[in-house]
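Number of protein chains: 4
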Amino acid sequence: MPSVSLKERLNEVIFGTETPAGKLFDMVLITAILLSVVAVMLDSVIWFANLYHLELLWIEWFFTLLFTAEYLTRIYCARNSWQYMRSFYGIVDLISILPTYLALIFTGANYLMIIRLLRVLRIFRILKLVRYLSEANVLVRSMLASRRKIFVFFCTVLVLSTVFGSLMFVVEGPEHGFTSIPKSIYWTIVTITTVGYGDITPQTAIGQVVASMAMLTGYSIIAVPTGILTAELATEMQRERIGRQCRNCRKSGHDRDAEHCKYCGAQLFE
Amino acid sequence: MPSVSLKERLNEVIFGTETPAGKLFDMVLITAILLSVVAVMLDSVIWFANLYHLELLWIEWFFTLLFTAEYLTRIYCARNSWQYMRSFYGIVDLISILPTYLALIFTGANYLMIIRLLRVLRIFRILKLVRYLSEANVLVRSMLASRRKIFVFFCTVLVLSTVFGSLMFVVEGPEHGFTSIPKSIYWTIVTITTVGYGDITPQTAIGQVVASMAMLTGYSIIAVPTGILTAELATEMQRERIGRQCRNCRKSGHDRDAEHCKYCGAQLFE
Amino acid sequence: MPSVSLKERLNEVIFGTETPAGKLFDMVLITAILLSVVAVMLDSVIWFANLYHLELLWIEWFFTLLFTAEYLTRIYCARNSWQYMRSFYGIVDLISILPTYLALIFTGANYLMIIRLLRVLRIFRILKLVRYLSEANVLVRSMLASRRKIFVFFCTVLVLSTVFGSLMFVVEGPEHGFTSIPKSIYWTIVTITTVGYGDITPQTAIGQVVASMAMLTGYSIIAVPTGILTAELATEMQRERIGRQCRNCRKSGHDRDAEHCKYCGAQLFE
Amino acid sequence: MPSVSLKERLNEVIFGTETPAGKLFDMVLITAILLSVVAVMLDSVIWFANLYHLELLWIEWFFTLLFTAEYLTRIYCARNSWQYMRSFYGIVDLISILPTYLALIFTGANYLMIIRLLRVLRIFRILKLVRYLSEANVLVRSMLASRRKIFVFFCTVLVLSTVFGSLMFVVEGPEHGFTSIPKSIYWTIVTITTVGYGDITPQTAIGQVVASMAMLTGYSIIAVPTGILTAELATEMQRERIGRQCRNCRKSGHDRDAEHCKYCGAQLFE
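Residue numbers (this note's numbering), protein chains in the order written: chain Z, 702 to 971; chain D, 702 to 971; chain A, 702 to 971; chain E, 702 to 971.
Have a look at this one:
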């Protein structure tokens, strides 16, 4: 009985976001995640890592043990442990603590490279932050509503990139940096998205004409995802307004800041 | 009689997308197209092509014969063979198999270059994929509805590019990379579309002022196609959501508050 | 009397766009303008100009005399000659023929440079094309309606550019290419508009942090002109719809393709 | 009594924008601010500063004394001096005159660098201009209404930059310019915002694939702030157009079909 009570209380603190204790736990966790991410970042700066090598090692193990304790507690107090472990955040929580332990075992000849890779994986801890962005709801719903159209759009972009990339490979050829079709496609994506590094640029007149066409294409199809999302967002935000209903005349469509019904003047609640 | 029946059944499988057999055929065809495109891409990567030269040759001939068989079957079982051959996809189907055969004939001194060019043309096979993107309807309709406005916009961009390009040619001159007006126009398109390779950049103070004006112009007219398309998309998507159909003339696309069909005047129900 | 009649008829052909003769004249004039612009462009390509020097000279004089004749005829047959000469297109028409004549007089020591500059000015002939784009009306009206907001937006961009440019000048300094505040402002405009040539890039850590902030600012305020114009365009396009009114029930808001009133079913005219 | 009257009149001229004297004062002040900013800019151009060193010094002291006098007068005639001094513009006014005085005191060994830094701070005087842009109201209100969504969006961009930056650091490594995770994040921001300097570019095939994914992500999430702001702007502009005001509580911003004030419930007329 008391054990169940402890489990329940822990569950409220760790998974809940309503009680003061739950809110405090979330704040502490977010701070810990951000600090650990900063530590991993600093560890990658060579002169800093050489100077504070030991301190960074201590910090890394401190956060790893902390997150391990958190992970085990979550498994213990979750209403359905197995469901939590298979959930998106359960897997993220596990992945964010594994690398430090794995770095202990794999210390062979090429350990430097592997450790770096494993360590860096811990940066995915940052994904845990997404959980706390409750404001993101309207955005996410709009994106989900437009995901099929966005998918069609991306297929079009990829087909266009392939066609333009192949054309540029034929027109410019390996002697001007377009060494293969995949590399030409990379160049086309750099161009169509208007990033334009300039590491590979068309040198011939025909190549510059084709490149100009690719740029103008990219410039005009940049409008498509914007249009899709804007139309969806406008609908979502309108729906948020429509959600409010007057208890007197049953009409809806009131603004968020409205205190009285705009049709009958009755007070609005909630 | 049985021959007509076979033709009808083939037609259903190859051109239809409703029956299970038709859907399976489409899936197989899409996979084949994607695989053949990947083969052409890999063929352009020098070290890969040297290693697997023979295998790539076999794969190319396999797909070419497969698509030839498909093309001939389509001609045979189409309800109007001549109409199919002149249609957009009929021409794409033909173009996508021609290069491999042409490469057999043109094997002169400069055969390497020509074969590469012919081979690459086969990548237009990827255009066949567009046929399968039925989700693209709303997007395509919005684009068609706004095509006149987009055309006016592109003319404006080209006029602006010509004016800015000429100005930069005069201001900077050949000694700073602006060797001719066409090249200056290429630079202006690179700048206005915000791609910005950096292969040619203004060096003089006046040139940098003109370039800044070109950038700010591009930055603000980038809004125009977005605005046009968003406005059209919002209308299209609202209409789609309603999906009201007239019982008399079977046409749809009526507004939410419409009581009569806007095409035949019959009353709309529900 | 006959002279007035000739003047009237000429006026209809040259200024009018309704009669067949007026349309034909416009088409011929557009073609002539485009050809003369192409000639000026080719003249700037060195190897081409050396090869066809005499031909290009002949073409230039042909078009200059043609446009001079057109200009004089316009003055002669305009209902108010002085008003035409002071109008925007009257001035453009004059400017587009002047350079060739001026090049005859100014043939001093540095004639090469000046002639080039004068010749290039003729490219403003292309501005005459704008007259023929009657489709541009909705776009232009939306832009005029939002011009005050766009102006405020541009002031904000310039202030931001000045602030970020000064910051970068202090942080990076002349040794990393930021040789003066005006040049730093040029760099900031290149960055905020997301053009990003890469001719000047931040080298210090603090400089890269400030640059990242400038980029994210540019990335998010790119939304402002789009938002303004989209909102205006949506209103304009809605107004176009509202314009149609049913003669039976007097209600408006019908689609462009509607043939019957959606409220009462009566036929729509015009 | 007359002193209070003078204070009142000064207050009207300096803080007010309604009377002719107030408007004239504002115009003179804006001109002075712009001129002083231009002087600071020219001072940073080396050859110009060497040529007109004395003149620039005189101009700087002239404007500094002018703005000091203005600042002291503002403190004197403000209705609540302490409130003005702590306000945003009060602090800006102070900061914009401090550097020149501080440059007098700190003239040690490294004075050149510090003076430059202090001088440049005076450019924040330009921020005072914002006060005069009353047109900016709709824009600012739309931005405030969407600030929570924009904040969520920026958090997403930063998380994505961290993830992509770490991935690129592992994939490309220090030998291709990705010397540390912070620098990789800088590169990712340059790429996602489609700026694309090209000072650091992916060299390996995997790196180019990851970079392409980052570009396409940036290309499509560029739509999010636009969508948010457009939806808010459309609402704001519609409301502005209506301009309906409640006679009871004097609040405006009511919908076109509202019959009662949404704030106090009183009936709306006309």
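Where is the CB? At the ideal position from N, CA and C, for every residue including glycine.
**Q.** Interfacial residues, the segment 867-899 of chain D to chain E, with Cβ spacing under 9 Å
**A.** From the segment 867-899 of chain D, only 895, 896, 897, 898 and 899 have a Cβ closer than 9 Å to chain E.
(Q) Do residue 864 of chain D and residue 911 of chain D have their beta-carbon atoms positioned less than 8 Å apart in this structure? (A) The beta carbons of residue 911 of chain D and residue 864 of chain D sit no closer together than 8 Å.
Q.
Are the CB atoms of residue 723 of chain D and residue 729 of chain D within a distance shorter than 8 Å?
A. Their beta carbons are not under 8 Å apart, which means residue 729 of chain D does not touch residue 723 of chain D by this criterion.
Q.
Threshold first: 4 residues or longer. Then list the alpha helix (DSSP H) segments lying entirely within the segment 859-921 of chain A, N to C.
A. Fully enclosed alpha helix (DSSP H) runs of 4 or longer: 882-893.
Q: Find the residues of chain Z that neighbour residue 918 of chain A, judging by a C-beta separation of less than 9 Å, and give them in chain order.
A: Simply none; closest approach about 17 Å.
Q) Is there a Cβ from chain E that is less than 8 Å from the Cβ of residue 800 of chain Z? A) No, residue 800 of chain Z lies away from the interface with chain E (no Cβ there is under 8 Å from its Cβ).
Q. In or out: residue 752 of chain E buried (at least 16 other Cβ within 10 Å) or exposed?
A. The residue is exposed, with fewer than 16 neighbouring Cβ atoms inside 10 Å.
Q) To the nearest angstrom, how far is it from the Cα of residue 903 of chain D to the Cα of residue 877 of chain D? A) Spanning the two alpha carbons is a distance of roughly 7 Å.
**Q.** Cutoff 8 Å; reference residue 726 of chain D; Cβ partners in own chain excluding five residues on either side
**A.** Excluding residues within five positions, the ones whose Cβ falls inside 8 Å are 714 and 715.
(Q) For residue 930 of chain A, count the other beta carbons within 10 Å of its own beta carbon; 16 or more makes it buried, fewer makes it exposed. Which is it? (A) Classification of residue 930 of chain A: buried, given that the 10 Å Cβ count is 16 or more.
(Q) Strictly below 8 Å CB to CB, what residues from chain D border residue 936 of chain E? (A) Near residue 936 of chain E there are no residues of chain D at all, since even the closest Cβ is about 13 Å away, more than 8 Å.
Q | Interface flag, residue 950 of chain E vs chain Z, CB-CB below 8 Å | A | Closer than 8 Å: no.
Q | Distance between beta carbons of residue 861 of chain E and residue 893 of chain E, contact taken as under 8 Å | A | Going by Cβ atoms, the distance from residue 893 of chain E to residue 861 of chain E rounds to 7 Å, so yes, they are a contact pair.
Q: Using a Cβ cut-off of 8 Å (strictly closer), state whether residue 931 of chain D contacts chain Z.
A: Residue 931 of chain D has a beta carbon lying within less than 8 Å of a beta carbon in chain Z.
Q) How about residue 785 of chain Z and residue 776 of chain Z: are their beta carbons less than 8 Å apart? A) The answer is yes: Cβ separation under 8 Å.
Q. List, in order along the chain, the chain A residues whose C-beta lies closer than 8 Å to that of residue 927 of chain Z?
A. In chain order: 927.
Q: Could you tell me which chain D residues have their CB closer than 7 Å to the CB of residue 921 of chain Z, listed as they occur along the chain?
A: Against residue 921 of chain Z, the close residues of chain D are 851 and 926, in the order they occur along the chain (beta-carbon pairs closer than 7 Å).
Q. DSSP puts residue 961 of chain D in a beta bridge; with which residues?
A. Beta-bridge pairing links residue 961 of chain D to D:968.
(Q) Quick check: the segment 744-758 of chain E against the segment 779-795 of chain E, are at least 3 beta-carbon pairs closer than 8 Å? (A) At 8 Å Cβ cutoff, the stretches do not touch.
(Q) Using a 10 Å radius around the Cβ and a threshold of 16 neighbouring Cβ atoms, would you call residue 891 of chain E buried or exposed? (A) Residue 891 of chain E is buried by the Cβ-count criterion.
Q) Helix, strand or coil: which one does DSSP assign to residue 720 of chain Z? A) Note: residue 720 of chain Z maps to coil in three-state DSSP.
Q | Where the alpha helix (DSSP H) through residue 847 of chain D begins and ends | A | That residue, residue 847 of chain D, is in no alpha helix (DSSP H); it is neither H nor E in DSSP.
Q) From residue 915 of chain Z to residue 844 of chain E, what does the alpha carbon distance come to, in whole angstroms? A) One C-alpha to the other measures close to 33 Å.
**Q.** Per-residue DSSP class, three states only, for residue 759 of chain Z
**A.** Residue 759 of chain Z falls in the helix class under three-state DSSP.
Q: Closer than 9 Å by beta-carbon distance: list the chain D residues that pair up with residue 913 of chain Z, in chain order.
A: What residue 913 of chain Z touches in chain D: 862, 886, 887, 890, 891 and 894.
(Q) Would residue 928 of chain Z and residue 936 of chain D be called neighbours here (beta carbons separated by less than 8 Å)? (A) No; because the gap between Cβ atoms is not below 8 Å, this pair is not in contact.
Q. In terms of residues, what are the limits of the alpha helix (DSSP H) holding residue 751 of chain D?
A. DSSP places residue 751 of chain D in the uninterrupted alpha helix (DSSP H) bounded by 747-752.
(Q) Beta-carbon within less than 7 Å of residue 847 of chain E's beta-carbon, same chain only, minus the 5 sequence neighbours each way: which residues are those? (A) If we look at residue 847 of chain E and ignore the five residues flanking it on each side, its Cβ neighbours are 929, 930 and 933.
Q) In whole angstroms, what separates the C-alpha of residue 917 of chain D from that of residue 898 of chain E? A) Computed Cα separation, rounded: 18 Å.
Q. Can you name the residues of chain Z whose CB is closer than 7 Å to the CB of residue 965 of chain E?
A. Identification of chain Z residues near residue 965 of chain E by a Cβ-Cβ cut-off of 7 Å yields 961, ordered along the chain.
**Q.** Opening and closing residue of the alpha helix (DSSP H) in which residue 804 of chain A lies
**A.** Per DSSP, the unbroken alpha helix (DSSP H) holding residue 804 of chain A starts and ends at 799-806.
Q: Starting from the C-beta of residue 816 of chain A, find all residues in its chain whose C-beta is less than 6 Å away, skip the five residues before and the five after it, and write them out in chain order.
A: Low local confidence applies: a pLDDT of 49 at residue 816 of chain A is under 50, so the model's placement there is unreliable, and no value is given.
Q. Sorted by chain position, which residues of the same chain lie with C-beta nearer than 7 Å to residue 791 of chain A's C-beta, five sequence neighbours on each side aside?
A. So the list reads 785, once near-sequence residues are dropped.
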